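Residues are numbered in our numbering as their position in the sequence shown, beginning at 1, plus a constant of 1228.
One structure is given below, encoded as structure tokens.
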Amino acid sequence: MDVNLNGKVALVTGAGPNIGSGLALMLGKYGAKVACNDIRPEAAQAAVTRLERNGIEAIAIPGDVSDEAQVKAYVQKVVDRWGHIDILINGAAIDGGASVLDFDYDRWTRQIMVNLSGNFLNTKWVGRHMVDNKIKGSIVCLASTAGWQGRANSIGYCSSKGGIIQFVRAAAMDLAPHGIRINTFTPTATQPDNVQMIAARSRAAARGGGWYDLPDGPERANAAGQPGQKYHTGGTADFATMVPLGELPTPTDYGHVVAWLCSDYARLITGSDFNVDGGALAKYWPYVPPAEKAGPLPLIKMDVTEM
Ligand SMILES: NC(=O)c1ccc[n+]([C@@H]2O[C@H](COP(=O)([O-])OP(=O)(O)OC[C@H]3O[C@@H](n4cnc5c(N)ncnc54)[C@H](O)[C@@H]3O)[C@@H](O)[C@H]2O)c1
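What follows is the structure, given as structure tokens:
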């Protein structure tokens, strides 16, 4: 038995080098043609180049997910190219932020617009295309563990991601009569497995910079609760220790589940949430897993550039 997306067309928003590009790659590996969106044209093109290296047919459709005219235009571009869209992955987002006491209203508004309204606009226009063409498609919206739990110094991010979870339940009711499915996938802290991204991170580290020095998001430079902010609440997050299976998930791990969710086998699944998190969300909150762990099976690499 074989899960495949042969003949299907996928549109992935926010196809930056980490999860978006990874999901685009995996949908392509399972047989879909993939349109890669990002507000940064170079990020959309980098995803296309990665897919093409892997033998996957792909196009770049740069644009801002929170601008309705741009969304309509890039959706049309995909339809003009391939005639139909069967899969939508709503991945574009701005991470980070600040405490409810520090966050600027402008940044709050922008984060809600991109993270939540972007899901609405893309679902609306791809959904209309699916309904008008009787396509029983699949839409996946990327939430976050920060949509289910409170993360300090991230008021806009947590609020928008929590909103996505309820958006999906409501949209599932609107789309179900048309045979269209919509679900959330909940990533957690993710271990990148895109070799280009890993190399860029190493170069940034060698320059004495950190994760946020990477040009991997237009507004991410201000992300993640700066300690300098007046009301920053401190605290730490120890991802590696707290994951029961002992390893953080990669975009490849997510991609297998998302591809299956977009396959015809998942025909009755809508309004649900999925995660691949090494047991993180299932964990009794005060439980600290043992330091010594056997670890999971090794990752089966899917990007031919990594072989
Ligand atoms: N990486 C993680 O640890 C993690 C954890 C939980 C959830 N997530 C979620 O998974 C998704 C992908 O995460 P990632 O780590 O790859 O994020 P990322 O920041 O690396 O990528 C997001 C991409 O969205 C693009 N983008 C931002 N604003 C946009 C706009 N207005 N229009 C179009 N594109 C826009 C950015 O340019 C970037 O390339 C996001 O929704 C994120 O919130 C990530």
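Cβ atoms here follow ideal geometry from the backbone N, Cα and C, with glycine treated the same way.
No experiment lies behind these values; they were computed from the predicted model shown.
**Report entry** Counted within 10 angstroms of its Cβ, other Cβ atoms place Val1396 as buried (16 or more) or exposed
**Finding:** That one is buried.
**Report entry** Coil, strand or helix - Leu1279 by DSSP
**Finding:** helix
Query raised in the report: How should Thr1546 be labelled, buried or exposed, when 16 other C-beta atoms within 10 angstroms of its C-beta is the threshold for buried?
Result: There is simply no residue 1546 to check, as the chain begins at 1229 and stops at 1535 in what is shown.
Requested in this report: For Trp1353, I'd like the list of residues in its chain whose CB is within less than 7 Å of its CB, leaving aside the five on either flank, ordered along the chain.
Outcome: Around Trp1353, the same chain offers Val1299, Lys1300, Val1303 as residues with beta carbons nearer than 7 Å, after the five sequence neighbours per side are excluded.
Requested in this report: Kindly give me the distance between the Cβ atoms of Ile1284 and Gly1248, rounded to whole angstroms, as I take these residues to be in contact under 8 Å.
Outcome: The Cβ separation is near 14 Å, so there is no contact.
Query raised in the report: Can you tell which of Gly1235, Met1254, Thr1241 has the C-alpha that lies nearest to the C-alpha of Gly1483?
Result: Met1254
Query raised in the report: Does the Cβ of Gly1391 lie closer than 8 Å to at least one heavy atom of ligand 1?
Result: no
**Report entry** Beta-carbon contacts of Ala1538 that lie in its chain and below 6 Å, excluding the five residues immediately before and after
**Finding:** Limits of the chain in this structure are 1229 at one end and 1535 at the other, which puts residue 1538 out of reach.
Query raised in the report: Should the region 1487 to 1498 be called in touch with the region 1514 to 1524, which here means at least 3 C-beta pairs below 8 Å?
Result: No, they do not touch.
Query raised in the report: Among all the DSSP beta bridges, which residues are the ones paired with Cys1490?
Result: Beta bridge pairing from DSSP links Cys1490 with no other residue.
Query raised in the report: Is any heavy atom of ligand 1 found at a distance shorter than 8 Å from the C-beta of Gly1248?
Result: yes
Query raised in the report: What are the complete beta strand (DSSP E) segments, minimum 3 residues, inside the region 1319 to 1392?
Result: 1366 to 1370
Report task. Check the DSSP bridge columns for Ile1267 and list the partner residues they point to. Result -> DSSP lists no partner for Ile1267.
Query - Neighbour flag for Gly1375 against chain D, beta carbons, 9 Å - result: Annotation note: the requested chain D is absent from the structure, which comprises a single protein chain.
**Report entry** Element boundaries [beta strand (DSSP E), containing Asp1308]
**Finding:** Not the beta strand (DSSP E): Asp1308 falls in the alpha helix (DSSP H), residues 1296 to 1310.
Report task. Would you kindly work out how many angstroms separate the C-alpha atoms of Thr1337 and Gly1325, rounded to a whole number? Result -> 11 Å
Query raised in the report: What are the boundary residues of the alpha helix (DSSP H) that includes Thr1464?
Result: Premise fails: Thr1464 is in no alpha helix (DSSP H) and is neither H nor E.
Requested in this report: On a CA-only basis, which of Val1306, Arg1435, His1460, Asn1343 is nearest Leu1329? Give me that one, please.
Outcome: His1460
**Report entry** Beta-carbon proximity check, Leu1370 vs Val1293, cutoff 9 Å
**Finding:** no
Query - Three-state class that DSSP yields for Ala1449 in the structure shown - result: In this prediction, Ala1449 scores a pLDDT of 36, lower than 50, which makes its location untrustworthy; the coordinate-derived value is nonetheless stated afterwards. If DSSP states are grouped into helix, strand and coil, Ala1449 belongs with the helices.
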